[in-house]
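Visitor:
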Amino acid sequence: MLPKVNLKHLHYFWLIAREGSIARASEVLDLAPQTLSGQLASLEESLGHALFRRENRSLKLTEKGQWVYQYAEQIFALTEEMESGLKHFEKQAPLKLRVGIAASIHKLIAWQLLEPATQLERSLNLRCHTGQTPDLIRSLKKQAFDLVLTDQLPEDFSQSGLVATELMRTPISLFATPDTTQRLQADFPNSLHGERLLATSFSTPYFQQLLLWLQQRQITPEFVAEIDDSALIKVFGSRGMGIFAAPHAIRDEVCRQYGVSELARIDGVMDAIFAVTRTASPQHLAIRSILAHKSIEKN
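So in UniProt numbering, spot 171 of the sequence shown is number 171, and the numbers just go up one at a time.
Take a look at the structure:
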């Protein structure tokens with residue numbers, strides 16, 4: 001027969017693992033460290049496995065501990081969603097949605113992906129925060145966000161216990177000032193050789209694809225700036241600092257808002273956007289509406 005897990009003990013274990021030590025977890029819970037140690041020992045005894053090992057005065061999860069922690073993450077994420085959902089049952093209370101958005105995601109794309117949540121019958125209290133993906137992922141795990149939008153999943157994502165859903169996949173287009181576009185279009189793509197190019201981040205998947213696309217054609221542009229803010233790079237590009245890339249799906253808005261022209265659409269280079277959640281089937285109505293409107297390719 002499977003052991004009966006004490007959820008209180010499991011919660012203490014989860015907090016110890018999340019905070020990195022019994023001392024820090026005891027501060028969060030306002031409990032004595034000795035009490036937490038005893039509860040952890042009881043859980044390990046009931047499961048029949050050691051969940052931590054000591055390394056240089058710090059606690060590290062054992063292989064079995066990592067396995068248990070991934071399940072605990074899902075259990076307490078669902079618990080938090082349940083509690084949040086119960087609060088939202090009050091008719092007059094707006095849905096609260098906290099979203100972390102990677103700075104490299106184009107803001108028009110972020111709006112398109114979040115828009116379904118704003119169309120619900122329930123009013124929405126939306127809070128958005130931009131930042132770097134690793135920081136946003138850590139905050140999501142600590143339940144500071146309900147959802148993270150990113151164009152780049154960390155290498156160790158499969159070990160995070162989180163779930164990624166691809167919301168959009170769209171070709172990339174190159175944009176420049178109208179004069180530059182007119183000068184380069186006739187001999188494109190060879191005309192890109194030696195031209196000034198702006199990079200969002202060299203590590204993003206779509207930019208790596210773009211670099212490969214250029215290399216395959218023996219084209220070497222001059223990279224004059226690396227700008228990880230999607231709005232700022234368009235401003236620089238509109239002022240003639242260099243050519244920049246943006247999703248083809250928002251070409252009309254980019255051209256209209258920044259006064260640039262589409263130089264070319266590059267079908268071999270795709271930008272993918274992911275929604276990262278704590279569970280595979282979120283109960284949050286706003287998140288469900290966002291996931292339901294995913295678009296694998298927009299032209």
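We put the CB at the ideal spot given by N, CA and C, even for glycine.
1) What residue range is occupied by the uninterrupted beta strand (DSSP E) comprising residue 352?
2) What three-state label does DSSP hand Leu2 in the structure shown?
3) Determine the closest residue to Met270 out of Trp111, Ile287, Pro247 and Leu232, with distance taken between C-alpha atoms.
4) Assuming the contact rule is C-beta atoms closer than 8 Å, Thr200 and Ile233 should be a hit. Round their C-beta distance to whole Å, please.
5) Beta-carbon separation of Ile273 and Leu149 under 8 Å?
6) Which residue wins for smallest C-alpha separation from Ala32, given the options Met241, Ile16 and Ile172?
7) For Val260, which of helix, strand or coil comes out of DSSP?
8) Under 8 Å Cβ to Cβ from Asn125, same chain only, skipping five residues before and after it: list those, please.
9) Hey, which unbroken runs of the alpha helix (DSSP H) at 4 residues or more fall wholly within the stretch 206 to 288?
10) Quick check on this structure: which residue in Met241, Ala231 and Pro154 has the alpha carbon closest to the alpha carbon of Gln257?
11) For the stretch 150 to 162 against the stretch 248 to 255, do three or more pairs of beta-carbon atoms, one drawn from each stretch, fall closer than 8 Å, so that the two count as touching?
12) Look at the Cβ atom of Ile227, then the Cβ atom of Leu192, and state whether they are nearer than 8 Å.
13) What's the call for Asp146, buried or exposed, on a 16-neighbour Cβ count within 10 Å?
14) Indicate whether the contact test is met: 3 or more Cβ pairs, each with one atom in the stretch 99 to 114 and one in the stretch 70 to 84, closer than 8 Å.
15) Pick out whichever of Ala72, Leu29 and Gly20 has its Cα sitting closest to the Cα of Leu43.
16) So what's Lys96 in DSSP terms, helix, strand or just coil?
17) Mind checking who Phe175 pairs with in its DSSP beta bridge?
18) So for Ile101, helix, strand or coil by DSSP?
19) Restricting to Cα atoms, I'd like to know which of Ile290, Gly100 and Ala286 is closest to Arg122.
20) Roughly how many angstroms separate the alpha carbons of Lys60 and Ser104, rounded to a whole number?
21) Please classify Asn299: is it buried, with 16 or more other beta-carbons within 10 angstroms of its beta-carbon, or exposed?
22) Counting only the same chain and skipping the five closest in sequence on each side, list residues whose C-beta sits under 7 Å from that of Arg54.
23) In three-state DSSP terms, what is Ala292?
24) Quick one: what does DSSP say Ala117 is sitting in, helix, strand or coil?
25) Less than 8 Å between the CB atoms is what I'm expecting for Ala102 and Thr133, so what's the real figure, rounded?
26) Compute the distance between the beta-carbons of Glu80 and Phe175, then report whether it is under 8 Å.
27) Could you give the distance in angstroms between the alpha-carbon of Ile290 and the alpha-carbon of Lys141?
28) Taking Cβ positions, are Phe188 and Ala264 nearer each other than 8 Å?
Guide: For this structure:
1) The question about residue 352 has no answer here: the residues shown for the chain are numbered 1 through 299.
2) With a pLDDT of only 49 at Leu2, under 50, the local geometry of the prediction cannot be trusted, and the value read off the model is given with reservation. It is coil, neither helix nor strand.
3) Pro247
4) 6 Å
5) yes
6) Ile16
7) coil
8) Pro94, Leu95, Lys96 and Leu97
9) 230 to 238 and 251 to 258
10) Ala231
11) no
12) no
13) buried
14) no
15) Ala72
16) strand
17) Phe244 and Glu262
18) strand
19) Ala286
20) 33 Å
21) The predicted model places Asn299 with a pLDDT of 45, which falls under 50 and marks its position as unreliable, so this point remains unresolved.
22) none
23) helix
24) helix
25) 5 Å
26) no
27) 20 Å
28) yes
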